[in-house]
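Worksheet: the structure to be examined is printed underneath.
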Amino acid sequence: MPPHEDWPRYANPNNEIDLFELLLRLWDKKGLILMVTLVTTLIAGIYAFTAKEQWTVKAYVSPPQMAQIEDYLTLRRAFSRVSGINADPQAIANHLFSRFTDMVSSPTEKLSYLSETAYVKQQTESDGATC
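Each step along the sequence shown adds one to the number in the UniProt record's numbering, with nothing skipped, and position 7 is 7.
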């Protein structure tokens with residue numbers, strides 16, 4: 001069966017691809033392939049180095065459940081029996097949550113906590129090394 005004129009050179013009538021011929025065609029177009037790759041890489045690089053970083057974080061804090069502070073409540077009840085102070089579990093949970101939210105909203109506490117994190121330590125050390 002003679003090859004048809006409209007078939008690509010690397011295809012034959014048996015639906016097989018001549019890989020050697022295909023590689024030769026790709027090699028012939030290597031300039032175009034290289035140019036497209038370089039332009040795409042250049043565009044991606046420009047975007048990566050000029051795009052403004054955007055970071056957002058949302059945190060939701062909810063009061064603790066009784067099961068989460070059960071060990072604490074057990075100790076508090078024992079202390080209550082000895083001291084005579086009321087140990088209402090809901091009042092204790094509300095008090096703990098209130099103290100927690102006060103601490104979280106305090107700028108001094110935030111700074112104190114963040115200054116002890118490994119990330120901040122690493123960033124301040126690297127900034128000190130470049131100065």
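Idealized CB from N, CA, C, for every residue including glycine.
For LEU19 and LEU42, I'd like the C-alpha separation in whole angstroms. Taking the sequence shown and counting its residues from 1, the one referred to as residue 19 is at position 19. Taking the sequence shown and counting its residues from 1, the one referred to as residue 42 is at position 42. Going by the C-alpha atoms only, they are around 31 angstroms apart.
Find out if the Cβ-Cβ distance for the pair ILE92, ARG76 is shorter than 7 angstroms. Translated into positions along the sequence shown, residue 92 becomes position 92. Translated into positions along the sequence shown, residue 76 becomes position 76. Their beta carbons are under 7 angstroms apart, which means ILE92 touches ARG76 by this criterion.
Just the Cα atoms here: how many angstroms apart are PRO89 and ALA118? For this step, residue 89 is matched to residue 89 along the sequence shown. For this step, residue 118 is matched to residue 118 along the sequence shown. So the alpha carbons of these two residues sit roughly 36 angstroms apart.
GLU60 lies in the alpha helix (DSSP H); which residues open and close that run? The residue labelled residue 60 in the question sits at position 60 within the sequence shown. Reading the sequence as shown, one finds Tyr at residue 60 and not Glu. That residue, TYR60, is in no alpha helix (DSSP H); it is neither H nor E in DSSP.
Rounded C-beta distance between THR101 and VAL57? I'm assuming under 8 angstroms. Here residue 101 corresponds to residue number 101 of the sequence shown, with the count starting at 1. Here residue 57 corresponds to residue number 57 of the sequence shown, with the count starting at 1. Distance from THR101 to VAL57 at the Cβ level is roughly 17 angstroms; contact not present, criterion being Cβ atoms closer than 8 angstroms.
Nearest-angstrom Cα separation, counted from TYR113 out to THR124: Residue 124 sits at position 124 when you count from the first residue of the sequence shown. Residue 113 sits at position 113 when you count from the first residue of the sequence shown. Looking at the two C-alpha atoms, the distance is approximately 15 angstroms.
Taking the alpha helix (DSSP H) that ASP102 belongs to, which residues open and close that run? Locating residue 102 in the sequence shown gives position 102, where the first residue counts as 1. Per DSSP, the unbroken alpha helix (DSSP H) holding ASP102 starts and ends at 89–105.
Rank PHE97, GLN122 and PHE49 by C-alpha distance to the C-alpha of PRO63 and give the top, closest one. As a working mapping, residue 63 is identified with position 63 in the sequence shown. Ranked by Cα distance from PRO63, the first of PHE97, GLN122 and PHE49 is PHE97.
Tell me whether GLU53 sits in a helix, a strand or coil according to DSSP, three-state version. As a position in the sequence shown, residue 53 is number 53, starting the count at 1. Reduced to three states, the DSSP call for GLU53 is coil.
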